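Beneath this line is the structure, given in structure tokens, with notes to follow.
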Amino acid sequence: MSFLPPSREVRERLRTASGVAGRWGGWILGLVLSLGVVAADGEIRFSRDILPVLSDACFACHGPDAQSRKAGLRLDTAEGVRAPGKSGAVVVLPGDPGHSELIRRIVSQDPDEVMPPPKSNRRLTPAQVDVLRRWVAQGASWGRHWAYEVPVRPPVPRIRGGENPVDGFIRARLEAEGLAPSPEASREVLMRRVTLDLTGVPPTPAERTAFLRDDVPGAYERLVDRLLASPRFGERMAWEWLEAARYADSNGYQGDGERTMWPWRDWVVSALNRNQPYDEFTVWQLAGDLLPGATPEQRLATGFLRNHMINGEGGRIPEENRIDYLFDQTETVATVWLAATFNCTRCHDHKYDPHTQRDYFGLLAFFNRTSVDGSGGNPQTPPALDVPSPEQSRKRSEALEDLAAATGVTEAYEDHRFPRAPGKLPADSAAAAGLPETVMAALRVRAGDRDAGKLEVIAGHFRERDPEYAATLDRQRRAREIRDAAIRAIPRVMVMEDVEKPRATYVLNRGSYLQPVSEVSLALPKALATNSALNPSNRLALAEWLVSPANPLTARVTVNRLWQALFGIGLVKTAEDFGVQGERPLHPQLLDWLAVEWVESGWDVKHLVRLMVTSAAYRQDSRMSAALAERDPENRLLARGPRFRMPSWMIRDAALSVSGLLVERVGGPPVKPYQPSGIWEEATFGNKRYEQDHGEALYRRSLYVFWRRIVGPTMFFDVASRQTCTVRTPRTNVPLHALLTLNDLTYLEAARALASEVLQATASSDGERIRSAFQRVTGRLPDDTEVGVLTRALARHRATYRADPAAAERLLSAGESPRDPHSDSQDQAAWMLLCSTILNLDEALTRE
Amino acid sequence: MADRALALTRRQFLGRGGTGLGLAALAGLLEGDGARAASPASASAPGGMPRLPGLPHHAPKARRIIYLFQNGAPTHVDLFDYKPRLRELHGKPVPVEYVAGKRFSTMTGMGDGKLLLAPVEPFHQRGDSGAWVSEFLPYTAAMADELCFVKGMHTDAVNHAPGISLMLSGAQIPGRPTLGAWLTYGLGSDSENLPAFVVMTSVSRGTSCGQIFYDFYWGSGFLPSRYQGVKFRGSGEPVLYLSDPEGLPRSVRRSMLDDLAELNARRLAEQGDPEIATRIAQYEMAFRMQTSVPELTDLSHEPKSVLDLYGPSVREQGTFAYNCLMARRLIERGVRCVQVMHAGWDQHNSLTTELYTQCRDTDQPSAGLIADLRQRGLLEDTLVVWGGEFGRTPFIQGNLDDRKRWGRDHHPYAFTSWMAGGGVRAGLSYGETDDLGMNVVREPVHVHDFQATLLHLLGVDHERLTYRFQGREFRLTDIHGQVVRGILA
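Heads up: the protein sequence lines correspond to chains A and B, in order.
Quick note: the first sequence, position 715, residue 1555 per this note's numbering, numbers continuous.
Quick note: the second sequence, position 98, residue 130 per this note's numbering, numbers continuous.
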């Protein structure tokens, strides 16, 4: 190929590099979303039109980072821009581009003068130069980055079809673009879409029938309410939160010890299901331990902060580990609540955003107050909280009582056997004289304080000489073992707890733990906390600020992530970066309206989700006309319904669900379903063996699959690594995915089980069975041509297995669930392949 | 222009067709270049990925790279960096000026007062070039005139995972794209049937201090995931889920995929989402891999004379020797980047025991690979790199009297790597350390310089292969790196 395409990334780069027009439009050849481009004589808006250009082209050398600032010039503040430059020339003279050094330098033809300098690889487009010139001419007004202004509820555009405020904004924009929305999707498609989005599994045949029969107005809204009330809602919504919280069932790094953080995961599911207001959800997870009279549940929630990796590698310097954990906590909180790229400020002031290295360590200081010292690799490093089930609690108290009783018997026996003055030990008794030294040593310890070894030493000595005494000691030892086992069985969750005298926190030069520079106290990020008079004293104050009206970001950032989950792409595509270099929202007013509405609803997550999924925008048909594919390939304007390949975990859950294999039980320890052999062993030199579970554990939802951090479950793809905070995962389309859904045991077994389901259902013909299988998977009935293709395939498969019955037996041996005893195996094998084909349809993998 | 071309073709196609889309027409549409298109909505690429426009930046000397990565840090002072003075000062304390202010791992602390340790085995000068190589590595030694020893390597990291991450991704903290990901992102792939970036790992039997192979060693970081390395497994099927299940004949699989393609093509006509076309192409690529991967690993046509080059364990899947042979077979089939990683080398207390095993398992295969590439004419445009993440201390870890437990600790201040093939000056020893092998005194090569040089040899300007993430342009060498001109042929 002589002329290769710019890849998507390059287009992305061209788009951002072309600045204002590009940011808001497409890229070249007029294939643009003609969005919001500043008209040639239009009014310049600082935050929209100017800041992104200055940031992209100038801030690397003339931005917030004092260390790398050139010529003492900064262009990220109004003062900097108005100040006289080094040469004495005014950088920007409002109203007069001709006497503004900034303009002179960006149009200069002299390679030594022109800005940005050629070797920076940055270049302003003529359009950008023009915009800057007009900005100066119009008075060079200054403002703040949009995301740092507290959102204000904008008026909803009054427009036909805009009853749901979401649609008011979407349709107003479509109208301005000269585009029409798509009609509503068919009820089958819509039902599958919303059921997958809100519960992570497709509708059952019974649910589908009920919905399709409900022709009373409001049927869709009632469906949404049912889905929101389902316990599956929390299980579905938890996934992205676990990825953001880098939740895993092991430490990571060498050793990769197993941890028991899963009660925290169950807490997340339950909080989502009972619709805990998001402000409270936040406060509990960041500072539940600091709430007055903190309950165990509130302390459990703080496990969020302790989900980071733990490094137990030999030779590691504990302080270096400890600082790494703090980095992780700081950056996770900054990403999840502020969509701020704080990792950039670990080593230096931010190059683009107004965050300083001091801000970073001021935030880090909130977390630098626990007893964690970075040593060892204990996957239950204190502070930790035991989270027993009622059964485990009961067993523990019984075991403790039994041990106390057994110890009491020993004491009574020893009082009699080793008579002595009160307060003295058995070894002090005259009756103990002459005993071997090991026995004496054990008798110098109070009966209740002896470990198993000491008890055994005494019992061993007396087994022949005094069998009754030995038996007493043996009972005590067994009671100890039972108590230990009862305690070990209880999951222990690492949580937050501040020490009384916190360490000092220092700014670390280049982020190195060896180079503390200057002490910092607890501080909110200055650029964001301008409205706050708060003098924060601990994590609780931080958490409260994050969800206070003074913080411009939390509501926007979270609304955006939810939008991303339901529409496939955020209103701000860079869900992890709301800074100056992040994408500007395509629908800024919609984002702000939703943010304000949400906060005023009392941070009601289900209310927000309901608003989104009942919008006409969400309910549209997703068909893509050629014109629209060209005009808006990513469907950012939403002139059609969102359509995208489901997350891999949802594909698995859906396959288990439609085949009837899914075991729905909420919560509990992680499970180990089928995985090709040797994955853990190869990654850990045989130190970790994958002991696959059997029975129901094979069919639990993906949420509960054991997540080994150094080698994640192989049945998922395009998921977060769970090593660090991730709020946006890629959606790729590669051959390895095809191999997985074709050949992974889970999917083969699902095909076999689905075949059994349709074979066992009363049906009059193959055609009817094919329709049923197809509908279970895709949510719609196939047309006659599709039935024809599948009928012919079935005939071919039957011929294959009639000719080779042994092959049928081998195929049907996939999976541990029982075989269907009723139908003959050749027929079953043929149906199994047919179902595998259906499970691999693009439509089966896609949320239409 | 293929993205757009495809979209336009499809539009015309769909506009005209609408219904009754023939499979033949679809096959034509998906054939060749069309199948390479990434759809706008998601990152998608069946094999044969395109390269970025403008790349290569200059005429490449090497078209592909094989990185023989030695995890755990081989001891430069025992293998390549000959220091007679260490023998003279054997058992004497390190002169303080050599270690002042330096940081070692917690196992050593600050290094002062440690006792120097002579090289375990004798060194000799080899070939016309006279390069010094230890008796530990007889096969490598015999190949010395083909190799370029970079003796002034130095790094910032003192622990394995951060050190390896720095070496392969340019940053100590995991999460940046690795060399192989950058290369396939920039240069694309010539293989229609195999991934562009393949990784294989091995460990010597009996290694007591194994390092874990974290998947971020071949990760794509913030680059789209199609650029991440595909790890071929060391046992069983090299690619997960490659084999069809028992009882599913190949012809039936083919017919299933035809059914799928037909149904999906109808859906594409109805739906219009180009992602569906990509999906059809991916299922076809998967089918081809089911043939190409077993063919790749079928050694029945390799003559004994070739197998013998790699040594006795070449037939044993999961060994370094097997992986070296596989590396050659992969690059022959158009794979851009092969990363062969061997763990062990962490001689804290095993210089006189396990080091022999490490060398035995890697020496002959490494040299054999060079010989095999040379005899096929592939060495000219293939770059081979051999090295670890740092070196080992010239002083002892352990007790001088306990020879069986002699060891050396991690040493970031100097170590040796070697390169061979495309564009590298053969028979050169570049750079020099002080008389104890402690610090670089001439022609230092930092990790980022090394990376800049590798990219340069492959036709890439390390400052210009960038990717925008979190609002700034990132590159393999971060903000550092100078091409090491002195080693270029």
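Cβ atoms here follow ideal geometry from the backbone N, Cα and C, with glycine treated the same way.
In this text the structure is predicted, and so the values were computed from the model without any measurement.
Taking DSSP as the reference, what is the three-state secondary structure of residue i?
i, result
"C1565 (chain A)", "coil"
"L405 (chain B)", "helix"
"A1329 (chain A)", "coil"
"E896 (chain A)", "Note that residue 896 (chain A) is Asp in the sequence shown, not Glu. Looking at D896 (chain A) - three-state DSSP - the assignment turns out to be helix."
"R424 (chain B)", "strand"
"T233 (chain B)", "strand"
"Q429 (chain B)", "strand"
"H380 (chain B)", "coil"
"N1573 (chain A)", "strand"
"L869 (chain A)", "Low per-residue confidence applies at L869 (chain A): pLDDT is 27, beneath 50, and the placement is therefore not dependable enough to give any value."
"Y1530 (chain A)", "coil"
"P1356 (chain A)", "strand"
List the residues of chain A that residue i touches, going by C-beta distances under 7 Å, in chain order.
i, result
"S267 (chain B)", "G1518, E1522"
"E348 (chain B)", "Near E348 (chain B) there are no residues of chain A at all, since even the closest Cβ is about 15 Å away, more than 7 Å."
Residue i and residue j: beta carbons closer than 9 Å?
i, j, result
"V477 (chain B)", "Y462 (chain B)", "yes"
"W1177 (chain A)", "G1143 (chain A)", "no"
"V1420 (chain A)", "F899 (chain A)", "yes"
"H1756 (chain A)", "L1685 (chain A)", "Nothing in the structure corresponds to residue 1756 (chain A), since chain A is present only between 841 and 1688."
"G261 (chain B)", "W250 (chain B)", "yes"
"P1103 (chain A)", "V1279 (chain A)", "no"
"T1221 (chain A)", "P1509 (chain A)", "no"
"P530 (chain B)", "A189 (chain B)", "Given that chain B is displayed from residue 33 to residue 521, the structure contains no residue 530 (chain B) and the question cannot be resolved."
"I97 (chain B)", "V370 (chain B)", "yes"
"G469 (chain B)", "H108 (chain B)", "yes"
"F168 (chain B)", "C356 (chain B)", "no"
"M1149 (chain A)", "G1619 (chain A)", "no"
"L339 (chain B)", "M358 (chain B)", "no"
"S166 (chain B)", "L111 (chain B)", "yes"
"D1338 (chain A)", "N1378 (chain A)", "yes"
"R1072 (chain A)", "V1034 (chain A)", "no"
For residue i, which residues in chain A fall below 8 Å Cβ to Cβ?
i, result
"S197 (chain B)", "The premise fails here: S197 (chain B) is roughly 12 Å from chain A at the closest Cβ pair, so nothing lies under 8 Å."
"Y445 (chain B)", "What Y445 (chain B) touches in chain A: nothing, since even the nearest Cβ is about 16 Å away."
"I363 (chain B)", "Those within 8 Å of I363 (chain B) in chain A number zero; the least Cβ separation is about 20 Å."
Can you tell me the Cβ-Cβ gap for residue i and residue j, rounded? I've got them flagged as a contact below 8 Å.
i, j, result
"D1199 (chain A)", "P904 (chain A)", "Incorrect: roughly 10 Å between the Cβ atoms, too far for contact."
"R1457 (chain A)", "L1478 (chain A)", "Checking the sequence, you will find Ala at residue 1457 (chain A) rather than Arg. Indeed they touch by this definition, with Cβ atoms about 5 Å apart."
"F1201 (chain A)", "L1145 (chain A)", "Actually they do not touch by this definition, with Cβ atoms about 17 Å apart."
"P991 (chain A)", "A1390 (chain A)", "Between A1390 (chain A) and P991 (chain A) the Cβ distance is about 12 Å, and since that is not below 8 Å, they are no contact."
"Y1587 (chain A)", "A1495 (chain A)", "6 Å"
"Y273 (chain B)", "N1583 (chain A)", "4 Å"
"L1393 (chain A)", "A1179 (chain A)", "6 Å"
Is residue i near the ligand MN, judged by its Cβ being under 8 Å from some heavy atom?
i, result
"A1287 (chain A)", "The model depicted lacks the ligand MN and carries no ligand whatsoever."
In chain B, which residues lie less than 7 Å from residue i when you measure between Cβ atoms?
i, result
"P1575 (chain A)", "P78, Q314, M317, A318, M321"
"N1680 (chain A)", "L292"
"N1583 (chain A)", "Y273, S275, D276, P277"
Residues of chain B with CB under 9 Å from residue i, in chain order?
i, result
"S948 (chain A)", "Neighbours of S948 (chain A) on chain B: none; closest Cβ ~23 Å, over 9 Å."
"E1683 (chain A)", "L295, N296, R299, Q303, I308"
List the residues of chain A that residue i touches, going by C-beta distances under 9 Å, in chain order.
i, result
"D247 (chain B)", "A1523, I1550, V1551, G1552, S1561"
Residues of chain B with a CB under 8 Å from the CB of residue i: which are they?
i, result
"V1629 (chain A)", "D291, E294, L295"
- Message: In chain order, what are the residue ranges of uninterrupted beta strand (DSSP E) at least 3 long that sit wholly in the region 1449-1517 of chain A?
- Response: none
- Query: Could you give the uninterrupted runs of the alpha helix (DSSP H) lying entirely in the region 894-942 of chain A, keeping only those of 4 residues or more?
  - Reply: 918-922
- Task: May I have a chain-ordered list of the alpha helix (DSSP H) segments no shorter than 4 residues that lie completely inside the region 1247-1319 of chain A?
- Result: 1277-1283, 1292-1305
- Message: To test your reading of the DSSP string, which unbroken alpha helix (DSSP H) runs of 4 or more residues are found completely within the region 1061-1149 of chain A?
- Response: 1071-1084, 1102-1113, 1118-1127, 1136-1141
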